[in-house]
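Novice: Using full-length UniProt numbering, the letters of the sequence shown correspond one by one to residues 1 to 146.
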Amino acid sequence: MPPCLDLYIPVARTRAVIDRFLSRYADLSKDMRRADFSVLLTDTAVSVETGTLEATLAFGLADPSRAFALYFASRLPRVNGVLMYFSPRDRLLLGLSIEAYGPDQPNEAEAQRLLTQLCTEFGASKALFDLELAPADADEQLNFLS
Numbered sequence: 001m002p003p004c005l006d007l008y009i010p011v012a013r014t015r016a017v018i019d020r021f022l023s024r025y026a027d028l029s030k031d032m033r034r035a036d037f038s039v040l041l042t043d044t045a046v047s048v049e050t051g052t053l054e055a056t057l058a059f060g061l062a063d064p065s066r067a068f069a070l071y072f073a074s075r076l077p078r079v080n081g082v083l084m085y086f087s088p089r090d091r092l093l094l095g096l097s098i099e100a101y102g103p104d105q106p107n108e109a110e111a112q113r114l115l116t117q118l119c120t121e122f123g124a125s126k127a128l129f130d131l132e133l134a135p136a137d138a139d140e141q142l143n144f145l146s
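This is the structure in structure tokens:
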């Protein structure tokens with residue numbers, strides 16, 4: 001897979017936001033990147049068996065300090081991947097991953113366009129993107145944005 005720009009916005013950790021994001025961006029019929037039967041907690045590196053996507057989402061919503069990422073295939077042709085990060089800060093990061101370079105130039109303009117779209121759709125006031133940015137690192141960086 002080519003290098004990617006990873007885009008993130010922080011939002012409220014609610015089921016309504018999750019459902020809206022997944023229905024708009026994720027292709028749940030493809031599970032090549034989904035591991036919803038098990039999650040790896042980012043703060044303890046402990047793997048927890050959850051069984052289904054529904055159970056995984058409930059697991060993430062049950063404890064505001066629980067931290068793990070879920071990855072999904074994308075519905076959109078120019079988006080390589082879709083992700084959600086349950087942050088230990090009682091928030092959810094919504095993320096999209098696009099190729100870092102387009103046919104003729106870097107894809108920063110496309111990344112900015114998608115971030116603006118996400119912020120508008122989900123009412124986010126902060127956003128960031130970077131090359132191969134891990135969800136936990138994005139969560140940390142978002143704390144320093146005003």
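Ideal Cβ positions, reconstructed from N, Cα and C, are used throughout, including at glycine.
Could you name each continuous alpha helix (DSSP H) segment of 4 residues or more that falls completely within the region 25 to 70, going from the start of the chain to the end?
Specialist: Listed in chain order, the complete alpha helix (DSSP H) runs (minimum 4 residues) inside the region 25 to 70 are 53 to 62.
Novice: Would LEU92 pass as a contact of PHE86 if the rule is Cβ separation under 8 Å?
Specialist: Translated into the one-based positions of the sequence shown, residue 92 becomes position 92. Translated into the one-based positions of the sequence shown, residue 86 becomes position 86. Yes, the Cβ-Cβ distance between LEU92 and PHE86 is below 8 Å.
Novice: Note down, in chain order, each residue of its chain lying with its Cβ closer than 8 Å to the Cβ of CYS4, except the 5 sequence neighbours on either side.
Specialist: The sequence position of residue 4 within the sequence shown is 4, counting from 1. Excluding positions up to five away in sequence, the list reads ASN80, GLY81, SER97, ILE98, GLU99, ALA100, LEU131, GLU132.
Novice: Can you check which of these residues, ARG13, GLU110, THR116, ALA109, is closest to ALA62 by C-alpha distance?
Specialist: Position 62 of the sequence shown, counted from the first residue, corresponds to residue 62. For the residues ARG13, GLU110, THR116, ALA109, the minimum Cα distance to ALA62 belongs to ARG13.
Novice: Under 8 Å between the Cβ atoms of SER74 and ASP27?
Specialist: Here residue 74 corresponds to residue number 74 of the sequence shown, with the count starting at 1. Here residue 27 corresponds to residue number 27 of the sequence shown, with the count starting at 1. The answer is yes: Cβ separation under 8 Å.
Novice: Return yes when the Cβ of THR42 is within less than 8 Å of the Cβ of PHE68, no when it is not.
Specialist: On the sequence shown, position 68 is the one that residue 68 refers to. On the sequence shown, position 42 is the one that residue 42 refers to. For PHE68 and THR42, yes; Cβs fall inside 8 Å.
Novice: Can you tell me the Cα-Cα spacing of LEU22 and THR44, whole angstroms?
Specialist: Counting from one through the sequence shown, the residue named residue 22 turns up at place 22. Counting from one through the sequence shown, the residue named residue 44 turns up at place 44. LEU22 and THR44: Cα-Cα distance of roughly 26 Å.
Novice: Which residue wins for smallest C-alpha separation from ALA109, given the options PHE129, ALA136, LEU83, CYS119?
Specialist: Here the question's residue 109 lines up with position 109 in the sequence shown. The option with the nearest alpha carbon to ALA109 is PHE129.
Novice: Which same chain residues, not among the five before or five after GLU49, have their C-beta less than 6 Å away from its C-beta?
Specialist: Mapped onto the sequence shown, residue 49 falls at position 49. Hits under 6 Å: SER38.
Novice: In the DSSP output, what is ASP130 paired with across the bridge?
Specialist: Position 130 of the sequence shown, counted from the first residue, corresponds to residue 130. DSSP lists ASP6 as partners of ASP130.
Novice: Quick check on SER74: does DSSP put it in helix, strand or coil?
Specialist: As a first step, residue 74 is located in the sequence shown; it is residue number 74 there, counting from the start. Three-state result, SER74: strand.
Novice: Comparing alpha-carbon positions, which option in LYS30, PRO135, SER125, ARG78 lies nearest VAL11?
Specialist: For the purposes of this step, residue 11 is taken as the residue at position 11 of the sequence shown. Selected option, being the one with the closest Cα: SER125.
Novice: Would you check if the distance between the CB atom of LEU7 and the CB atom of LEU142 is smaller than 8 Å?
Specialist: Here residue 7 refers to the residue found at position 7 when the sequence shown is read from its first residue. Here residue 142 refers to the residue found at position 142 when the sequence shown is read from its first residue. In this structure, LEU142 does not lie closer than 8 Å to LEU7 by Cβ.
Novice: Compute the beta-carbon to beta-carbon distance between ILE9 and LEU118, rounded to the nearest angstrom, for a pair I have assumed lies under 8 Å.
Specialist: Your numbering for residue 9 matches position 9 in the sequence shown. Your numbering for residue 118 matches position 118 in the sequence shown. So it is a contact: roughly 5 Å between Cβ atoms.
Novice: The beta strand (DSSP E) spanning LEU96 covers which residue range?
Specialist: Walking along the sequence shown from the start, residue 96 turns up at place 96. Residues 92 to 99.
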